């Protein structure tokens, strides 16, 4: 890939469930900043027609692809399916990206540049220059406490273990034994970063401002958060430690 970060060799993975109103905006926004990248919409059989809209976008633009899944199984399962697809298609860089504009597409070229010298790049809210926008005090506290808890229990230096804007070099994904990942919800983000650290990969955090979604409904729930916290304990005493 050239140094101008136009996205050549990169796949942007966007998991969706009832994100129709966002998908028709986020896909062109991504391709506007990365004209030579590809986008993979990973749709969990959305009843609002997100998958069908994705098919229409793919028909009009060969940079857009859609992976249809039969049911909603959680964020982790969706990303794992996307990673498997990406590895099969020989993409050089694979990036996790939300459909709801919480992640600004303008950060993508920088992330790809950084992947030229790092195995994993984390879009981080918790390093200097990073932060959140339009979050209430309660949400900021829960997010901070959850990340601090995971970091402390697992004994890793990554500041933002729970964030969902992450980039991987192909060889990094191949080294993480993706078929053995046990989490299906948001704990997936913690587990994959923990595996990266334990595998000796070169991981760096890139500051980002995380914005609250513009359209649609958040998928986060108390149950999903609790699952992630329990998974942290399991990871701490797993063979990875």
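In this note's numbering, the protein residues as written are 162 to 402. Ideal Cβ positions, reconstructed from N, Cα and C, are used throughout, including at glycine. All figures in this text were calculated on a predicted structure; none of them were measured in a lab.
- Positions of the beta strand (DSSP E) runs, each at least 3 residues long and wholly inside the stretch 247 to 310, are given as 254 to 257, 281 to 285, 292 to 294 in order along the chain.
- Look at residue 179 here: in three-state DSSP terms it is coil, with no helix or strand label.
- By the Cβ test, the stretch 194 to 208 is in contact with the stretch 169 to 176, since at least three Cβ pairs between them sit closer than 8 Å.
- A buried status is given to residue 280, since no fewer than 16 other beta-carbon atoms sit within 10 Å of its beta-carbon.
- In the DSSP assignment, residue 356 falls within the alpha helix (DSSP H) that extends over 348 to 359.
- Per the coordinates, the alpha-carbon of residue 260 lies some 31 Å from the alpha-carbon of residue 397.
- Contact annotation, residue 330 with residue 254: C-beta distance approximately 6 Å; criterion of less than 8 Å satisfied.
- Distance from the CA atom of residue 315 to the CA atom of residue 189, rounded to whole angstroms, is 38 Å.
- For residue 339, the three-state secondary structure derived from DSSP is helix.
- Check the Cα spacing between residue 244 and each of 168, 185, 337, 362: the tightest is with 337.
- Residue 390 carries a helical assignment under DSSP once its states are collapsed to helix, strand and coil.
- Bounds of any beta strand (DSSP E) do not take in residue 222, whose DSSP letter is neither H nor E.
- Under the DSSP assignment, residue 232 falls outside any beta strand (DSSP E); it carries neither an H nor an E label.
- With a contact defined as Cβ atoms closer than 8 Å, residue 236 and residue 349 qualify at about 6 Å.
- Within a 10 Å sphere around the beta-carbon of residue 302 sit fewer than 16 other beta-carbons, which makes this residue exposed.
- For residue 247 against residue 172, the beta-carbon gap comes to about 5 Å, under 8 Å, which counts as contact.
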